[in-house]
Each structure stands twice: as C-alpha cells, then as structure tokens.
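K.L.:
One structure, pasted below without further comment.
Numbering (the working numbering), first residue to last: 45 to 383.
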C-alpha cells in the first residue's frame, strides 16, 4: 500500500496497514531541525503522505524591498516578523472594486510546474493548495476590521468581492484539476481559540454559499476536499459536511475535544492533525510525547478517518528531540498496526 492508497482508504474509513501521517514545518523550525540533524534534506526521510502545489506563476510573489513581498493580487506582505506568511498591507481603501483587477486565472505560466510535480510524486496524495481562499483573501485586500464592518454596512460590496474571488478559484480549478491532482486543500481561518470571529448566521450568509460552489466544482471532478481552518469551529462541521468536505485540518486539541469529535463524526468527516503544538510538543518530555502520540494513533485511528499530524505546521519553539519522539511513535506502528 503506497502513501496515496493509504490516505484514500483512511479518509474513506476503510482499514489501512498503518495510519498515514504528515509533518510540516515553519521556516524557522525547518532551519532549527536542519542544524540539529546536519541534514538540509531531512524532510525527504519523514515518510510524509501528502504533497502540495500552489498553482501560481513564478512571479506571483516578488520582493519589493527586504522582508516585503507583493502577491499577484497586489497585496504587500510584511514578512520581517513572520517569514512564512507575514502581515498584509491592504489595497482596497474603500468598499468598492472600482479600478481593482483580479489576477488572471488562465495565465499559462500558472500551470507550467504541474506535470513535473505529478511525475515526481506518483505515489503521494497530490493536493492543489488554495490558501487564503476566500475570507482571508478578502480581508488581506480590505483589512480585517474593514471587511467585518462591511459585512454589516456594505453587504453588496462583500458579496461582489467574494464572487470575484470565487470565480477566480473556479477558473483555476477548472483547468488544473484534470492535470493529475487527487484533491484540493482549501484554507480559510474563521475563528480564534474561543470561537468564531463572526456569528454563525453571518458565516452562513457570506461564506458558506461560496464554498458550496467551490466544493461542488471539485466534487464534479471526483476529487477529495481537504480544508484548513484554525480555531474553535466545530459548530460549523455539520454545514461543512453538508456541502461536501472530506477532511478537516488542523483538528486542534487545545480548542476542541478531538476524541469526542472523532467519535461523533466517524464515517462522515475525516480529520488530519490533532497532536498538540501548544502544550504537548513544546513542554512534554520525549517519553511523554511518544506515549501520547501512540494513544492518539490508537484511539483516533480506530476505524479510519484520521491522518496523524501536529495541529499545525511545527513552530520553532518545539524541541527537536520531541519532534523525533513523535516521528518514532508514528514509525513504530509499522511493526504493530493499531487496527
């Protein structure tokens, strides 16, 4: 059973020889592990099951000055503090799209890397990554406070903006999904540690309909849908299942009862993540990490529907020894499958 087959079976709630896993790193954590191991290619040895490709032209991000990059939407990101994502400098000063140009979804250079990516990753689960999909893209253009205010005071503008963003993604998906991808990973954060940053009613009015369109397009092509959303969002799981979500990430144990939720959604929604990056990995001993990870593999992995992973890309404050202990626990299941 190769990595792709293992993931496909697991997220379809079928038995697997061992639970698939995925370890991703922030830039600082990757640098720390490289120095600790003395190996800049250590990620090639992790046995990860998922691979990702953003369908973007080479110049979609370019440096405007040290630490600042502009994306294809015209937003400049300040990466002097956070080198992975950064803080956006909005470009829409008013609730209007007058004069704004959306990126060209049909730009031929956008699709040039796909054939090589497919050839290189034949046995992996190959996902097209659509980060900053809707709400995050909108507030990067308009500003968080402005966009949330617009939802109340300028709803027509918000719908126009969300429609334009959605149509851009639909056009990219229409051309790219038939080029070998197994699914799409969307990303859109709607919450913080204590709950949604908007009311469920507002989410269902402004956000759900557009993701329903995106999900339907992916489902038409018989591809799997993965979704990343940080924070306490479990009250939206019924809606996400309704519109076709297959796998939810990052499944944060700090904000939700991962064991209860896995049990509740068994057979309906698969989960990817669950290993705490806020409590367990930074503060436990390697032995404690190993024991807890083995417990999660045993309980969350039962009956399928689980991809083992940290509850986000690993940050730099996690000891390298704990990362290796987590990986050791995952690898040991090869000798003794948990189900």
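Backbone N, C-alpha and C define an ideal beta-carbon position, used for all residues, glycine too.
Locate the beta strand (DSSP E) running through residue 352, then write down its first and last residues.
P.N.:
In the chain shown, residue 352 corresponds to position 308, counting from 1. Per DSSP, residue 352 belongs to the beta strand (DSSP E) from 350-354.
K.L.:
Counting beta carbon pairs with one atom in the region 370-378 and one in the region 92-107, are three or more of them shorter than 8 Å?
P.N.:
Taking 8 Å as the limit for Cβ pairs, the verdict is that the region 370-378 does not touch the region 92-107.
K.L.:
Span of the beta strand (DSSP E) holding residue 269?
P.N.:
Stepping through the chain shown from its first residue, residue 269 is reached at position 225. Segment 268-272, the beta strand (DSSP E) holding residue 269.
K.L.:
What's the call for residue 390, buried or exposed, on a 16-neighbour Cβ count within 10 Å?
P.N.:
The displayed coordinates of the chain run from 45 to 383. Any statement about residue 390 would go beyond what the structure contains.
K.L.:
Measuring straight from C-alpha to C-alpha, what distance separates residue 118 and residue 331?
P.N.:
The sequence position of residue 118 within the chain shown is 74, counting from 1. The sequence position of residue 331 within the chain shown is 287, counting from 1. Their Cα atoms are separated by approximately 47 Å.
K.L.:
Is the region 201-214 touching the region 253-262, taking contact as three or more C-beta pairs under 8 Å?
P.N.:
Flag = yes, the region 201-214 and the region 253-262 touch.
K.L.:
Is residue 228 near residue 262, with beta carbons less than 9 Å apart?
P.N.:
By 1-based counting over the chain shown, the position of residue 228 is 184. By 1-based counting over the chain shown, the position of residue 262 is 218. Yes, they are a contact pair.
K.L.:
Which first and last residues belong to the beta strand (DSSP E) in which residue 120 is found?
P.N.:
Sequence index remark: in the chain shown, residue 120 carries index 76 (1-based). Note, residue 120: beta strand (DSSP E), 120-122.
K.L.:
Does any residue of chain C bring its CB to less than 9 Å from the CB of residue 153?
P.N.:
Within the model displayed, chain C is absent; a lone protein chain is all it includes.
K.L.:
Specify, as a first and last residue, the run of the alpha helix (DSSP H) that residue 104 falls within.
P.N.:
Within the chain shown, numbered from 1, the residue matching residue 104 stands at position 60. Element bounds for residue 104: n/a, residue is neither H nor E.
K.L.:
Looking at C-alpha atoms only, which residue of 137, 160 and 214 is the closest neighbour of residue 183?
P.N.:
Numbered from 1 along the chain shown, position 139 holds the residue referred to as residue 183. Here the closest residue by C-alpha is 137.
K.L.:
Find out if the Cβ-Cβ distance for the pair residue 355, residue 297 is shorter than 9 Å.
P.N.:
Start at 1 with the first residue of the chain shown, and residue 355 comes out as number 311. Start at 1 with the first residue of the chain shown, and residue 297 comes out as number 253. Contact: yes.
K.L.:
Residue 199 and residue 155 - do their beta-carbons sit closer together than 9 Å?
P.N.:
Taking the chain shown and counting its residues from 1, one reaches residue 155 at position 111. Taking the chain shown and counting its residues from 1, one reaches residue 199 at position 155. Not a contact, by the Cβ cut-off of 9 Å.
K.L.:
May I have a chain-ordered list of the beta strand (DSSP E) segments no shorter than 3 residues that lie completely inside the region 120-179?
P.N.:
Whole beta strand (DSSP E) segments, 3+ residues: 120-122, 131-133 and 169-174.
K.L.:
Comparing C-alpha positions only, which one of 325, 284 and 75 sits nearest to residue 247?
P.N.:
What you label residue 247 is simply residue 203 of the chain shown in a count that begins at 1. Considering only alpha carbons, the answer is 284.
K.L.:
Can you tell me which residues form a DSSP beta bridge with residue 293?
P.N.:
By one-based count along the chain shown, residue 293 stands at place 249. Answer is 272, bridged to residue 293.
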